[in-house]
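Reading through the structure tokens given below for one structure.
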Amino acid sequence: MEDKLIRLAVNGRDEAVVIQPLATLQDVLRDKLELNAVKSGCGQGGCGSCSVLVDGELQLSCLTLAERVGDAEVTTLEGLNETNAIVPLQQAFIENYAAQCGYCTAGMVMAAKALLDRNPAPSRDEIVEGLSGNLCRCTGFAPIVRAVQQAAQALSDTGEEAS
Amino acid sequence: MPELLRPGSIDEAADLIARHGAAAAVLAGGTSLMRETYPSDGGYLIGVDRLGLDRVVARDGGWSVGAAVSLSVLREAVPIAALQAATREIGGPAVQNMATVGGNLFARAPFGDLAPALLALGAQLVFATADGETTQPIEDFYAGWADGAPPSTGLLTRIELDAPSGDCAYLKCARRRYSTPSVVTVAASVQKDGGTVTDARIALSGAHAQPTRCAAAEQAVIGSSLDEAAIAAAASATEGAVEPRTDAVASDWYRRRMTGVFVGRALAALA
Ligand SMILES: Cc1cc2nc3c(=O)[nH]c(=O)nc-3n(C[C@H](O)[C@H](O)[C@H](O)COP(=O)(O)OP(=O)(O)OC[C@H]3O[C@@H](n4cnc5c(N)ncnc54)[C@H](O)[C@@H]3O)c2cc1C
Ligand code: FES
Ligand code: FES
Chain A
1 MEDKLIRLAV
11 NGRDEAVVIQ
21 PLATLQDVLR
31 DKLELNAVKS
41 GCGQGGCGSC
51 SVLVDGELQL
61 SCLTLAERVG
71 DAEVTTLEGL
81 NETNAIVPLQ
91 QAFIENYAAQ
101 CGYCTAGMVM
111 AAKALLDRNP
121 APSRDEIVEG
131 LSGNLCRCTG
141 FAPIVRAVQQ
151 AAQALSDTGE
161 EAS
Chain B
1001 MPELLRPGSI
1011 DEAADLIARH
1021 GAAAAVLAGG
1031 TSLMRETYPS
1041 DGGYLIGVDR
1051 LGLDRVVARD
1061 GGWSVGAAVS
1071 LSVLREAVPI
1081 AALQAATREI
1091 GGPAVQNMAT
1101 VGGNLFARAP
1111 FGDLAPALLA
1121 LGAQLVFATA
1131 DGETTQPIED
1141 FYAGWADGAP
1151 PSTGLLTRIE
1161 LDAPSGDCAY
1171 LKCARRRYST
1181 PSVVTVAASV
1191 QKDGGTVTDA
1201 RIALSGAHAQ
1211 PTRCAAAEQA
1221 VIGSSLDEAA
1231 IAAAASATEG
1241 AVEPRTDAVA
1251 SDWYRRRMTG
1261 VFVGRALAAL
1271 A
């Protein structure tokens, strides 16, 4: 089967990429667009390390065929702000030691952003549920939950967006 | 590697499925199918994303749920608490955003957590085949499964759901709180007249090779006032009737016990 040319809207830019048949969004983001915050943990939907936003909704890029994304807007961690500066949500991860090896972190931040965009003042239980598709093998999760609680608190103090 | 086809109409999709038979697999949210290793020698994936099946239509007395509606959209669009609970029990938020209602009804054990809710609610499934549309009660669909695998039914296009007239409870027994395969999943709905149960639908996933209703448990509560004795009888009738399997999640022994326990808890919630 032949390679295909597709267009993708990623982090506010229109990209044209040549892909192999059945390439996943994860492969395209990492290998073609060098957006390596998107990790490749399991390739099976089970770890959340490849989490991205598709039209603002949390999705797993390893289970997504790139050519079915169509006109939808894809956001990776790199797209959280234009200057690539640390956003408040990331700052909360830093201050709470919510990253150790860091492999899960980008996916965790995307899941937390998806949660806070929908529910700016989540309870602890809602945070746990919101992050339940993302695995961390280092931190034991508690620092990550605290980071999201802090970010939510900061949001309500400043009235800003999560990122 | 299979070729991805994305038909633009239901008729076209039904024809493709009929034409390619076993070589074709319907691709909905992909949360199960994308995890499979594709054969290197051809075949087809038939995408449902251009068929307009991603909508819930509220109709008189119920809802028409397109087969490609995601679990998250189902939760927003259909305000039946037991069904909403079921959508939250399937994977994490990203899976719920991607996985479709239709795809979940074809899930193989230990997955298939939506089925008990839809069995208890008496859903009807509508299929498009090359010969036209067919409708069947969801229990007939599962009765057609062999060895835990679905029959070739054509394309599931929608699920017809009437607003429930009685109460319905849904419980999943699992090893972790979220994003975890089930040991067993139970849904129960009862109709009462005065205090007496006049009809009951009790449905299980994980108790047999595929989701089913449990007639023994239903018989045990019909005519009762859902008192403790009737609930205990239903729980023990369930344990006697099920044929669970052993897998990496749970042994058949543990599944059997938990089926009884969770049927009891679901009925107690409706008492
Ligand atoms: C991390 C993770 C956790 C999960 N946890 C759970 C869980 O807790 N409980 C649970 O029940 N499931 C779980 N699943 C399994 C899976 O996500 C669900 O079964 C999901 O609902 C499948 O839907 P889909 O749209 O992604 O289906 P797909 O993967 O696209 O398809 C699944 C099957 O259904 C068939 N199919 C789909 N749509 C149609 C149609 N319209 N007509 C005919 N055939 C069709 C396909 O051909 C295929 O055989 C999990 C999956 C992952 C990745
Ligand atoms: S790599 Fe996608 S969920 Fe693990
Ligand atoms: S910090 Fe190592 S996996 Fe989460």
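Protein chains in written order, with our numbering: chain A, 1 to 163; chain B, 1001 to 1271. Each residue gets a CB set at the ideal place from its N, CA and C atoms; glycine is no exception.
Buried or exposed for residue i, please, with buried defined as at least 16 other CB atoms from any protein chain shown within 10 angstroms of its CB.
| i | result |
| --- | --- |
| residue 1290 of chain B | One cannot answer for residue 1290 of chain B here, as it falls past the ends of chain B, which runs 1001 to 1271. |
| residue 95 of chain A | exposed |
| residue 158 of chain A | exposed |
| residue 5 of chain A | exposed |
| residue 101 of chain A | exposed |
| residue 1237 of chain B | buried |
| residue 160 of chain A | exposed |
| residue 45 of chain A | buried |
| residue 1251 of chain B | exposed |
| residue 30 of chain A | buried |
| residue 1142 of chain B | buried |
| residue 1002 of chain B | buried |
| residue 1057 of chain B | exposed |
| residue 1253 of chain B | exposed |
| residue 1149 of chain B | exposed |
| residue 1031 of chain B | buried |
| residue 2 of chain A | exposed |
| residue 1337 of chain B | Since the first residue of chain B shown is 1001 and the last is 1271, residue 1337 of chain B is not available in this structure. |
| residue 1089 of chain B | buried |
| residue 107 of chain A | buried |
| residue 1255 of chain B | buried |
| residue 16 of chain A | exposed |
| residue 48 of chain A | buried |
| residue 105 of chain A | buried |
| residue 20 of chain A | exposed |
| residue 153 of chain A | exposed |
Between the options, which has its C-alpha nearest residue i's C-alpha?
| i | options | result |
| --- | --- | --- |
| residue 1083 of chain B | B:1236, B:1187 and B:1212 | B:1187 |
| residue 118 of chain A | B:1093, B:1074 and B:1264 | B:1093 |
| residue 1114 of chain B | B:1014, B:1087, B:1230 and B:1030 | B:1087 |
| residue 22 of chain A | B:1063, B:1265 and B:1034 | B:1034 |
| residue 115 of chain A | A:52, A:103, A:131 and A:106 | A:131 |
| residue 1138 of chain B | B:1194, B:1248 and B:1125 | B:1125 |
| residue 1180 of chain B | B:1197, B:1249, B:1100 and B:1140 | B:1249 |
| residue 1053 of chain B | B:1128, B:1061 and B:1015 | B:1128 |
| residue 1269 of chain B | B:1184, B:1190 and B:1068 | B:1190 |
| residue 69 of chain A | B:1029, B:1045 and B:1090 | B:1029 |
| residue 1198 of chain B | B:1208, B:1211, B:1222 and B:1178 | B:1222 |
| residue 1218 of chain B | B:1263, B:1211 and B:1246 | B:1263 |
| residue 1231 of chain B | B:1266, B:1242 and B:1247 | B:1266 |
| residue 1079 of chain B | B:1163, B:1224 and B:1194 | B:1163 |
| residue 1245 of chain B | B:1068, B:1005, B:1047 and B:1109 | B:1109 |
| residue 123 of chain A | A:137, A:138 and A:149 | A:149 |
| residue 33 of chain A | A:98, A:129 and A:66 | A:66 |
| residue 1107 of chain B | B:1234, B:1182, B:1077 and B:1213 | B:1182 |
| residue 103 of chain A | A:37, A:18, A:9 and A:14 | A:37 |
| residue 1042 of chain B | B:1210, B:1177, B:1004 and B:1193 | B:1004 |
| residue 1044 of chain B | B:1172, B:1006 and B:1068 | B:1006 |
| residue 1200 of chain B | B:1091, B:1216 and B:1208 | B:1216 |
Along chain D, in chain order, which residues have C-beta atoms closer than 8 Å to that of residue i?
| i | result |
| --- | --- |
| residue 149 of chain A | Any reference to chain D falls outside this structure, whose protein chains are A and B. |
My understanding is that residue i touches residue j, with C-beta atoms under 8 Å, so please give their C-beta distance in whole angstroms.
| i | j | result |
| --- | --- | --- |
| residue 50 of chain A | residue 26 of chain A | 5 Å |
| residue 1051 of chain B | residue 1010 of chain B | 6 Å |
| residue 155 of chain A | residue 120 of chain A | 5 Å |
| residue 1026 of chain B | residue 1065 of chain B | So it is not a contact: roughly 17 Å between Cβ atoms. |
| residue 151 of chain A | residue 112 of chain A | 7 Å |
| residue 128 of chain A | residue 76 of chain A | Between residue 76 of chain A and residue 128 of chain A the Cβ distance is about 24 Å, and since that is not below 8 Å, they are no contact. |
| residue 1062 of chain B | residue 1160 of chain B | 7 Å |
- Query: Along the stretch 15–41 of chain A, what residues have a CB closer than 8 Å to any CB found in chain B?
  - Reply: Of all residues in the stretch 15–41 of chain A, 21, 22 and 24 have a Cβ within less than 8 Å of some Cβ in chain B.
- Task: Answer yes if the stretch 1201–1215 of chain B comes into contact with the stretch 1252–1268 of chain B, meaning at least three C-beta pairs across the two stretches below 8 Å, and no otherwise.
- Result: When C-beta atoms of the stretch 1252–1268 of chain B are compared with those of the stretch 1201–1215 of chain B, three or more pairs fall below 8 Å, so the two segments count as touching.
- Item | Where the stretch 1174–1198 of chain B meets chain A: residues whose CB sits under 7 Å from a CB there | Residues are counted here when their Cβ sits less than 7 Å from a Cβ of chain A; for the stretch 1174–1198 of chain B these are 1178 and 1179, given in chain order.
- How do the stretch 1066–1083 of chain B and the stretch 73–90 of chain A stand: do at least 3 beta-carbon pairs fall below 8 Å, yes or no? The stretch 1066–1083 of chain B vs the stretch 73–90 of chain A: no contact.
- Query: Between the stretch 1015–1031 of chain B and the stretch 136–150 of chain A, do three or more beta carbon pairs fall short of 8 Å?
  - Reply: Too few Cβ pairs lie closer than 8 Å, so no.
- Mind listing which residues of the stretch 1092–1119 of chain B have their C-beta closer than 8 Å to chain A's C-betas, in chain order? Against chain A - using a Cβ distance shorter than 8 Å - the residues of the stretch 1092–1119 of chain B are 1092, 1093, 1094, 1095, 1097 and 1098.
- Task: Compile a chain-ordered list of the residues in the stretch 1045–1066 of chain B whose CB is closer than 7 Å to at least one CB of chain A.
- Result: Here the close residues are 1047 and 1049.
- Where the stretch 43–56 of chain A meets chain B: residues whose CB sits under 7 Å from a CB there: The stretch 43–56 of chain A vs chain B, Cβ under 7 Å: 44, 45, 48 and 51.
- Item | Interfacial residues, the stretch 64–81 of chain A to chain B, with Cβ spacing under 9 Å | Flagged, chain order: 64, 65, 67, 68 and 70.
- Task: Give, in chain order, every residue of the stretch 103–130 of chain A whose Cβ lies closer than 8 Å to some Cβ of chain B.
- Result: Listed in sequence order: 111, 114, 115, 128, 129 and 130.
- Message: Please list, in chain order, the residues of the stretch 1003–1021 of chain B that have any C-beta partner in chain A closer than 8 Å.
- Response: For the stretch 1003–1021 of chain B, which is checked against every Cβ of chain A, the residues closer than 8 Å are 1003, 1004 and 1006.
- May I ask you to list, following chain order, the residues of the stretch 1074–1094 of chain B that have a beta carbon less than 9 Å from some beta carbon of chain A? Answer set for the stretch 1074–1094 of chain B: 1088, 1091, 1092, 1093 and 1094.
- Select from the stretch 1235–1248 of chain B all residues with a C-beta closer than 8 Å to any C-beta belonging to chain A, and list them in chain order. So the list is empty, because no residue satisfies the distance condition.
- Item | Contact set between the stretch 132–149 of chain A and chain B, restricted to residues whose Cβ is under 8 Å from the partner | Look at the stretch 132–149 of chain A: the residues with a C-beta under 8 Å from a C-beta of chain B are 132, 133 and 134.
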